[in-house]
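**Q** If you read the sequence shown in numbering that gives the first Met the number 0, its first letter stands for residue 0, the second for the next number, and so on.
Handing you a structure now.
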Amino acid sequence: MRKQIVSFSYATALAAIAIPSYALEDLNKFNPAISVIFDGLYYHDNVKGTGPELLEQHNSVLHSDVHDHDEHAHDALTSGFNLRETEIVMSGTVDPYFDAFLTAALSGDGIELEEAWFQSRNLPAGLQLKGGKFLSGFGYHNEKHTHSWDFADQNLAYLSLLGDHGLSGNGLQLTWLAPTPFFIQLGAELLQGEELEKFGAMLDNEELAEEISAEFDPNGNGEFSVEELNFDSKSGPHLSVAFARFGPDLGTDHALQFGASVAHHNDTQSFHEESSGEAFAAQGHANLYGIQAVFKRFPRSDYGKGGYSLQGEYLRFDADERATFHTDSTEIGLPISFKQDAAYVQGSYGFAPRWQLALRTAAAGIGGTLRKGNEQTETGISRQHSIALSWYATEFSRLRLQFSRNDINFGTHDIDTSQDGNFNQVFLQYNLSLGAHGAHTF
């Protein structure tokens, strides 16, 4: 042991001679903060474990008449015990010019890179540049990682329009922080937009061609090629996002923030099956708009007691497409338009040291219409109400009990459930953070 200590001291002395003193002060920057976040739960519902599937099948212009070719969804919950994604997080300062952040999710299907980005430190005039793969600044909830949610699952509004993972991708983000006594931030993003779940989804053309060939056989010979879909080949980036945030100065105990966002995708694709037995593929562009409001009162005592928050977002989606393929060839070129809104409101309150109670209500399918030529179909509204009780043993560990009541409109879906869309869900979740982990954003 003594030889090891002497060797280490000798190496340290050599390093002190060889490295300038200012560099020694910054050696810790080469040691990133590393953490592992465990997320698991016990799940139960009164529809024989099909609750998550039923939520996915709610009547929506983005799903009820559109096949889901998504390959980027979280592992499906099953009745009983579930180990969800285990996250590995690394973050730190690279040098005086850049910070870096990485998070990867481990599951039974392998490793998925969720975020890997750099961010500038010293750009002038309040500017900041981010590049790589990251969660978009669209809205408020979108940038939150699962372990920082007040609930065990995604709210129904986001699930209906953005999916489990929200809006993310590879690209660049530029933000500007105004030099004012109150908070004003403007941001713009340019993203590849090729891995989105709902809004801006792009189909697997080969898989779709095989499905059309097997189910509809439009050529009468069991063969259907990708070229017959007639999709225009567009190079990326496909997704652009802009957002603005404003917050007045309310002192150190309270905070208020308003925001507005818009996202545009120039290459959305969808596949539709109609009750008549016909089917068609369509391509076009889509827009997503959002407004948000967040109010927080920070706790005045230890362990979160007395702190509370209230947040809400309203989302509006619209898209215009044209049929590029139709089983009735005379309908190729048919104009297709989609419109649908969604919203959620949630609040949380630290009613005792380490204890938090949270309430949430969400709705999807608001004002939903699907227009095909001169025909128009309306979607019904689906609702979800949730209550969650969380116990924070420390800032590194949390246990949560959640109950959700769902009233889901299935539209024309043939769903085998005796509950007619009304069903309950119970979650018992644990969330543990092992290692150093940075503070969460506002």
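Beta carbons: idealized from backbone N, C-alpha and C, even for Gly.
Taking three-plus beta-carbon pairs below 8 angstroms as touching, is the stretch 113-127 in contact with the stretch 378-393?
**A** They do not touch, by the three-pair rule.
**Q** Taking the C-alpha atoms as reference points, what is the distance between M89 and A438?
**A** Cα to Cα, the separation comes out at about 13 angstroms.
**Q** If I measure Cβ to Cβ from D216 and keep anything under 8 angstroms in the same chain, skipping five residues before and after, which residues do I get?
**A** Closer than 8 angstroms at Cβ, skipping near neighbours: F223.
**Q** Taking the Cβ atom as the reference point for each residue, do A280 and F270 lie within a distance shorter than 7 angstroms?
**A** Cβ distance < 7 angstroms, so A280 and F270 count as in contact.
**Q** Based on the DSSP secondary-structure assignment, which residues constitute the bridge partners of F230?
**A** Partner(s): none; F230 has no beta bridge.
**Q** By Cβ distance, which residues of its chain are closer than 6 angstroms to S347, with the 5 residues on each side in sequence left out?
**A** Here the set comprises D149, S308, Q355, A357.
**Q** Any idea what DSSP makes of D69, helix, strand or coil?
**A** Per-residue confidence for D69 stands at a pLDDT of 43, beneath the threshold of 50, marking its modelled position as unreliable; the derived number appears in the next sentence. Coil.
**Q** How is G364 classed by DSSP in three states: helix, strand or coil?
**A** Correct three-state label for G364: strand.
**Q** Starting from N265 and walking both ways along the beta strand (DSSP E), at which residues does that stretch end?
**A** Segment 253-272, the beta strand (DSSP E) holding N265.
**Q** Going by Cα to Cα distance, which pick from H140, S119, A124 is closest to G130?
**A** Nearest option by C-alpha distance: S119.
**Q** So, for I407: in the same chain, excluding its five sequence neighbours on each side, which residues have a beta-carbon less than 7 angstroms away from its beta-carbon?
**A** For I407, where only same-chain residues beyond five positions count, the Cβ hits under 7 angstroms are L53, L54, H57, S381, G420.
**Q** How would you call I110, buried or exposed, if buried means at least 16 neighbouring beta carbons within 10 angstroms?
**A** So I110 counts as exposed.
**Q** Helix, strand or coil for E214, going by three-state DSSP, please let me know.
**A** Residue state, collapsed to three classes: helix.
**Q** Whole angstroms is fine: what's the gap from F181's alpha carbon to V261's?
**A** Taking the straight line joining both Cα atoms gives about 23 angstroms.
**Q** Give me the DSSP bridge partner(s) of M89.
**A** Answer is I33, L101, bridged to M89.
**Q** By the DSSP assignment, the beta strand (DSSP E) with L427 in it spans what residues?
**A** Counting along the chain, the beta strand (DSSP E) containing L427 begins and ends at 421-434.
**Q** CB-CB under 7 angstroms to G332, same chain, minus the five flanking residues each way: which ones, in chain order?
**A** Once the five neighbours on either side are set aside, the close Cβ partners of G332 are R321, A322.
**Q** Between the Cα of K338 and those of T329, T376, D301, spot the shortest distance and give me the residue it belongs to.
**A** Nearest of T329, T376, D301 to K338, Cα basis: T376.
**Q** Using the Cα positions of E84 and G199, report the straight-line distance between them to the nearest angstrom.
**A** One C-alpha to the other measures close to 24 angstroms.
**Q** If you count every other CB in all the chains shown that lies within 10 Å of the CB of S20, and 16 or more means buried, which is it?
**A** Residue placement at S20 cannot be trusted, given a pLDDT of 42 that sits under 50; what the coordinates show is reported in the next sentence. That one is exposed.
**Q** Please classify H71 as buried or exposed, where buried requires at least 16 other C-beta atoms within 10 Å of its C-beta.
**A** Bear in mind that the predicted position of H71 carries a pLDDT of just 42, short of 50, making it too unreliable to give a figure here.
**Q** With DSSP as the reference, identify every bridge partner of Y157, one or two as the case may be.
**A** Y157 pairs with nothing; no bridge assigned.
**Q** Is it true that the CB of D252 sits closer than 7 angstroms to the CB of F297?
**A** In this structure, D252 lies closer than 7 angstroms to F297 by Cβ.
**Q** Where does K197 land, buried or exposed, given buried means 16+ other C-beta within 10 angstroms?
**A** That one is buried.
**Q** Here's the rule I'm using: 16 or more other beta-carbon atoms within 10 Å means buried, otherwise exposed. How should D340 be labelled?
**A** D340 comes out buried.
**Q** Counting C-beta neighbours from all protein chains within 10 Å, is the total for F230 16 or more, i.e. buried, or is it exposed?
**A** With 16 or more Cβ atoms within 10 Å of its Cβ, F230 is classed as buried.
**Q** For the putative contact between G349 and G303, defined by C-beta atoms under 8 angstroms, what is the C-beta separation to the nearest angstrom?
**A** Going by Cβ atoms, the distance from G349 to G303 rounds to 4 angstroms, so yes, they are a contact pair.
**Q** In its own chain, which residues sit with a C-beta less than 7 angstroms from the C-beta of H68, not counting the 5 before and 5 after it?
**A** For H68, the predicted model reports a pLDDT of 41, less than 50, meaning its position is unreliable; a value from the coordinates is still stated below. The residues are L202, D203, E206, L207.
**Q** For the candidate residues R397, F409, F395, F422, whose alpha-carbon lies nearest to that of S403?
**A** The residue with the shortest Cα to Cα distance from S403 is F422.
**Q** Write down every uninterrupted run of the alpha helix (DSSP H) in the stretch 107-171 whose length is 4 residues or greater and which is fully enclosed by it, in chain order.
**A** Listed in chain order, the complete alpha helix (DSSP H) runs (minimum 4 residues) inside the stretch 107-171 are 155-160.
**Q** Over what stretch of residues does the beta strand (DSSP E) that includes E312 continue unbroken?
**A** Start and end: 307-325.
**Q** From Y429, I365, F409, pick the residue whose C-alpha is nearest to that of S396; which is it?
**A** Measuring from the Cα of S396, the nearest candidate turns out to be Y429.
**Q** Just verifying my parser: in three-state terms, what is the DSSP assignment at N204?
**A** If DSSP states are grouped into helix, strand and coil, N204 belongs with the helices.
**Q** Taking buried to mean at least 16 other C-beta atoms within 10 Å of its own C-beta, is K371 buried or exposed?
**A** With 16 or more other Cβ atoms within 10 Å, it is buried.
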